[in-house]
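Structure below.
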């Protein structure tokens, strides 16, 4: 009993001490509750090292998440073939195509009840099941009611499990394109990812022959390209991720972006919207949908403190004079600043250091500064080809001026291929009357360029176009060209005033000029208008024109887009090796979609081979064409799909 009482007294004593301690601490607890939270410094998730010229920009504090190209693929149906399609295919592929065609309204279950059922189309030798691949550009915008989605080129390949032999003359029906699986063949059924884009349009089979092992020239008819045939249907999500999370900095950065990229007409959402203290959502404005790379560069180089643009421009100018290697970044910074940077750029138009001078002139041209023109005129007369090329490229950015046309007219006949083409493109951008654009055929354009030196140039990306320099140039005679693939023959004797063109049993007599030849090949015949022509598509016109040009004595220069890129790269490496530099990785690879798999196979397009005027005539497959298959009623894509017909890409925004 005594022990129990002692224990009770000890417990009471302990409780009393605890109570006194709590009372003593009470004022401290209350003061902590009443006081503001102590400021704590947020530790950076990662560190961004940028050169001095990039200080104060969005690139210093963020990285762009999701700005990566996305490989896409899918199965499609090509129609309009000349009996070279497929009738056999694996059962799972047949089931997939049949279900997809039914879903699109192709067949009796669709709105066009008279259309042939999917099974009948798949068994017809005028159709082929193909694999369609492409690369969705980084930051692509999806299709909207008021604007198309980002467009890109496609590669079309005959499915190796089918018996199709040629894609010549075909057209791809609308098909869905999904992120590439990386497993060789696109998946079917429930294994498919959500579609990001669509593809359709006329096929361009590379008409430039490759030399086979036996010395014969061969054209790969199992592969084709659709120039500008892909269109994004869903937006690739982009975000800016802050290196040091902060709500205040996120708001400031979003405000700077929205000030640099104001809302397009009819668009309600801002370009930048803060999601958290770490993430800012970015929506590419519609006017930049076809040029997302330039948008991303301007975004990175945007100054965060918008109120101090003039001071920032001057700081950039002083920095690149100290370190000219950063001249390109300086030009982009000035462009992102806008007219407030002109005071600085004008002071550097005559800088002694070449790279500083060129950076200032680039920025001034981008900002439409007329004071740039005298300097570019001087560049256009330089013996240095890089200076002449730069002059042609930058002249395209300036407002029209008669002095521009005079300088560019000289560069159109420059001995360097890429300078001639840059001058032509500048004249197009300026709306010069020295370049005429004609549509002999509804599916491609023909540009006629006033020049003293004949040249034929064809595009291979985004917009199908034939460019003819010196269109009134007469072909040397005698002339004989027998082109089996295009089924075209061109004949003229020494004294002939006309060139006789034969195609599919039809003969046309035409003037021996480049213009008349192109017009006869491409123009669809219309007897009611008295218009004669073969109406050949882009690939066939290019192939026939190529064969005719190289059959002429001494040849007519014929160049493809790939030749231009190779010429530019080769000369830059040879003439200006000091300009090579390593670019910092600024874009995060944290993607929602799977990146391109190197084991996927060819996603980008093979480079077209260089073309030589001395190459001998084609010795292609001379076997007779297959018998004409009976006509069917599925030549044109059913309109029940609700999708717009294929149109050439509009000019990208500057």
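Numbering (my numbering), first residue to last: 10 to 663. All C-beta atoms, glycine included, are put in the ideal place defined by N, C-alpha and C.
Residue 358 versus residue 401: straight-line alpha-carbon distance, rounded:
Along the chain shown, read from residue 1 onward, the residue named residue 358 stands at position 349. Along the chain shown, read from residue 1 onward, the residue named residue 401 stands at position 392. So the alpha carbons of these two residues sit roughly 17 Å apart.
Can you look up residue 423 in the DSSP assignment and give me helix, strand or coil?
To locate residue 423, count along the chain shown from 1; it is residue 414. DSSP places residue 423 in coil when its eight states are reduced to three.
Once you ignore the five residues that flank residue 558 on each side, which residues in its own chain have a CB closer than 7 Å to its CB?
Locating residue 558 in the chain shown gives position 549, counting from the first residue. Closer than 7 Å at Cβ, skipping near neighbours: 465, 564, 565, 567.
In three-state terms, what does DSSP make of residue 450?
The residue labelled residue 450 in the question sits at position 441 within the chain shown. Reduced to three states, the DSSP call for residue 450 is strand.
On the three-state DSSP scale, how would you describe residue 159?
Mapped onto the chain shown, residue 159 falls at position 150. DSSP places residue 159 in coil when its eight states are reduced to three.
Tell me which residues share the same chain as residue 624 and place their Cβ nearer than 7 Å to its Cβ, disregarding the 5 neighbours each side in the sequence.
As a working mapping, residue 624 is identified with position 615 in the chain shown. In this prediction, residue 624 scores a pLDDT of 32, lower than 50, which makes its location untrustworthy; the coordinate-derived value is nonetheless stated afterwards. Cβ neighbours of residue 624 within its own chain (closer than 7 Å, five residues either side excluded): 559.
Quick check: the segment 327–337 against the segment 294–312, are there 3 or more CB pairs under 8 Å?
no
Does the Cβ-Cβ distance between residue 185 and residue 109 come in under 9 Å?
On the chain shown, position 176 is the one that residue 185 refers to. On the chain shown, position 100 is the one that residue 109 refers to. Less than 9 Å divides the Cβ of residue 185 from the Cβ of residue 109.
Counting only runs that start and end within the segment 307–365, where is the alpha helix (DSSP H) found for 4 or more residues in a row?
318–331, 336–346, 351–356
Close beta carbons around residue 424, own chain, < 8 Å, minus the five adjacent residues each side:
For the purposes of this step, residue 424 is identified with residue 415 of the chain shown, where counting begins at 1. Here the set comprises nothing.
Measuring straight from C-alpha to C-alpha, what distance separates residue 664 and residue 275?
Examination of residue 664 is not possible in this model, given that the chain is present from 10 through 663 alone.
Return the residue from the list 248, 415, 214 that minimises the CA-CA distance to residue 459.
In the chain shown, counting from the first residue as 1, residue 459 sits at position 450. Ranking the options by Cα distance to residue 459, first place goes to 415.
Give me the Cβ distance between residue 488 and residue 500, rounded to the nearest whole Å; I'm assuming they're in contact under 8 Å.
Here the question's residue 488 lines up with position 479 in the chain shown. Here the question's residue 500 lines up with position 491 in the chain shown. Contact holds; Cβ gap of about 7 Å.
Please classify residue 534: is it buried, with 16 or more other beta-carbons within 10 angstroms of its beta-carbon, or exposed?
Stepping through the chain shown from its first residue, residue 534 is reached at position 525. Looking at its Cβ environment, which holds fewer than 16 other Cβ atoms inside 10 Å, residue 534 is exposed.
Beta strand (DSSP E) segment containing residue 207, residue limits:
Here the question's residue 207 lines up with position 198 in the chain shown. Taken as a continuous stretch (DSSP letters only), the beta strand (DSSP E) holding residue 207 covers 206–211.
Using a threshold of 9 Å, state whether the C-beta atoms of residue 197 and residue 101 are closer than that.
On the chain shown, position 188 is the one that residue 197 refers to. On the chain shown, position 92 is the one that residue 101 refers to. In contact: residue 197 and residue 101 (Cβ atoms closer than 9 Å).
Buried or exposed for residue 419, going by 16 or more other Cβ atoms inside 10 Å?
Mapped onto the chain shown, residue 419 falls at position 410. Counting Cβ neighbours within 10 Å, residue 419 comes out exposed, since fewer than 16 surround it.
C-alpha gap between residue 390 and residue 461, whole angstroms
The sequence position of residue 390 within the chain shown is 381, counting from 1. The sequence position of residue 461 within the chain shown is 452, counting from 1. Going from the Cα of residue 390 to the Cα of residue 461 covers about 18 Å.
Starting from residue 459 and walking both ways along the beta strand (DSSP E), at which residues does that stretch end?
For the purposes of this step, residue 459 is identified with residue 450 of the chain shown, where counting begins at 1. Careful: residue 459 lies outside any beta strand (DSSP E) and carries neither H nor E.
Across which residues does DSSP place residue 164 in a beta bridge pair?
Reading the chain shown from its first residue, position 155 is the one you call residue 164. Residue 164 pairs with 142, 234.
Are residue 4 and residue 353 touching if we call contact CB-CB under 9 Å?
Since the first residue shown for the chain is 10 and the last is 663, residue 4 is missing from the structure and cannot be characterised.
Go through the segment 253–286 residue by residue and report every complete run of the alpha helix (DSSP H) that reaches 4 residues or more, in order.
Entirely contained in the segment 253–286, the alpha helix (DSSP H) runs reaching 4 residues are, in chain order, 256–269.
Just the Cα atoms here: how many angstroms apart are residue 523 and residue 510?
For this step, residue 523 is matched to residue 514 along the chain shown. For this step, residue 510 is matched to residue 501 along the chain shown. Rounded to the nearest whole angstrom, the CA to CA distance from residue 523 to residue 510 is 13 Å.
Mind checking whether residue 237 and residue 165 have CB atoms under 9 Å apart?
Reading the chain shown from its first residue, position 228 is the one you call residue 237. Reading the chain shown from its first residue, position 156 is the one you call residue 165. Their beta carbons are not under 9 Å apart, which means residue 237 does not touch residue 165 by this criterion.
For residue 256, which residues of its own chain have a beta-carbon under 7 Å away from its beta-carbon, when the five flanking residues on both sides are left out?
Translated into positions along the chain shown, residue 256 becomes position 247. Correct list, in chain order: 286.
Can you list, in chain order, the residues of its chain with a C-beta nearer than 8 Å to that of residue 529? Leave out the 5 residues immediately preceding and following it.
As a position in the chain shown, residue 529 is number 520, starting the count at 1. Excluding sequence neighbours, residue 529 sits near 510, 517, 519, 541, 542, 543.
Expressed to the nearest angstrom, what Euclidean distance is found between the alpha-carbon atoms of residue 173 and residue 137?
By 1-based counting over the chain shown, the position of residue 173 is 164. By 1-based counting over the chain shown, the position of residue 137 is 128. Straight-line Cα distance between these residues: approximately 6 Å.
How big is the Cα-Cα spacing for residue 161 and residue 75?
Your numbering for residue 161 matches position 152 in the chain shown. Your numbering for residue 75 matches position 66 in the chain shown. Cα-Cα distance, rounded: 18 Å.
Just the C-alpha distance for residue 295 and residue 281, rounded to the nearest angstrom, thanks.
To locate residue 295, count along the chain shown from 1; it is residue 286. To locate residue 281, count along the chain shown from 1; it is residue 272. So the alpha carbons of these two residues sit roughly 14 Å apart.
Helix, strand or coil for residue 63, going by three-state DSSP, please let me know.
Stepping through the chain shown from its first residue, residue 63 is reached at position 54. Correct three-state label for residue 63: helix.
Start and end of the alpha helix (DSSP H) containing residue 397?
Here residue 397 is taken as the residue at index 388 of the chain shown, counted from 1. Taken as a continuous stretch (DSSP letters only), the alpha helix (DSSP H) holding residue 397 covers 394–404.
Between which two residues does the alpha helix (DSSP H) carrying residue 176 extend?
Taking the chain shown and counting its residues from 1, one reaches residue 176 at position 167. Run containing residue 176: none; DSSP gives neither H nor E here.
If you follow the alpha helix (DSSP H) that residue 560 is part of, which residue opens it and which one closes it?
Here the question's residue 560 lines up with position 551 in the chain shown. In the DSSP assignment, residue 560 falls within the alpha helix (DSSP H) that extends over 547–560.
Distance CB(residue 330)-CB(residue 350) smaller than 9 Å
In the chain shown, counting from the first residue as 1, residue 330 sits at position 321. In the chain shown, counting from the first residue as 1, residue 350 sits at position 341. Not a contact, by the Cβ cut-off of 9 Å.
Thinking C-alpha only, which one of 191, 203, 211 is nearest residue 89?
Taking the chain shown and counting its residues from 1, one reaches residue 89 at position 80. Out of 191, 203, 211, 211 has the C-alpha closest to the C-alpha of residue 89.
Grab me the residues of residue 386's own chain with a C-beta within less than 6 Å of its C-beta, minus the 5 sequence neighbours each way, in chain order.
One-based indexing of the chain shown puts residue 386 at position 377. Answer for residue 386: 416, listed in chain order.
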